[in-house]
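Everything on this sheet refers to the single structure shown next.
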Amino acid sequence: MRFLLALLAALSLGAAFAHTQVTAVTPRAHARVTAPKTVTLTFDEPINLRFATFKVVPLPAGADVEPTAAAALARRDDAALRADTAPALSGMAARVQLPLHAGLKPGAYLIVWRVVSDDGHPVSGHSVFWVQ
């Protein structure tokens, strides 16, 4: 009985320290699509949008994804460079839709995000899709 209680306690403790994860991205990673109207990110739990950053930016040919994603997250006053319309987001949500500018040119696009998990840890990620 003690073993079972210890096991249950350990399992619940692990869940308490889990970080927020993206469960779906649309367009999906590495997809080749006609110019979409929105990008959608779905998380495994509601996130506080006030403390989140989301961007969609063109990915130059030959660019390394990791440093480009880090630079995109760090950049400020970049609305003219972005493929998304930089919407003001607030509240809590497990699903985020980012409207995109009309007429995206063919090429690669990088979706980047940084959110704060329920446990207070920052979580960031990225995904790439191509417009045909």
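In this text, residue positions in the sequence shown follow numbering that gives the first Met the number 0: the first is 0, and each later residue adds one. For each residue, glycine too, the CB sits at the ideal point set by N, CA and C.
Asked                                                                                                  : Found
Taking the alpha helix (DSSP H) that P98 falls in, what are its first and last residues?               : First-last for P98: 91-98, but that is the beta strand (DSSP E), not the alpha helix (DSSP H).
Grouping DSSP H, G and I as helix and E and B as strand, with all else coil, what is T67?              : helix
Quick one: what's A107 bridged to in DSSP?                                                             : L58, W129
Output the distance between the C-alpha atoms of V95 and T39, rounded to the nearest integer angstrom. : 6 Å
By alpha-carbon positions, which one of F128, S116, W129, S126 ends up nearest to L48?                 : S116
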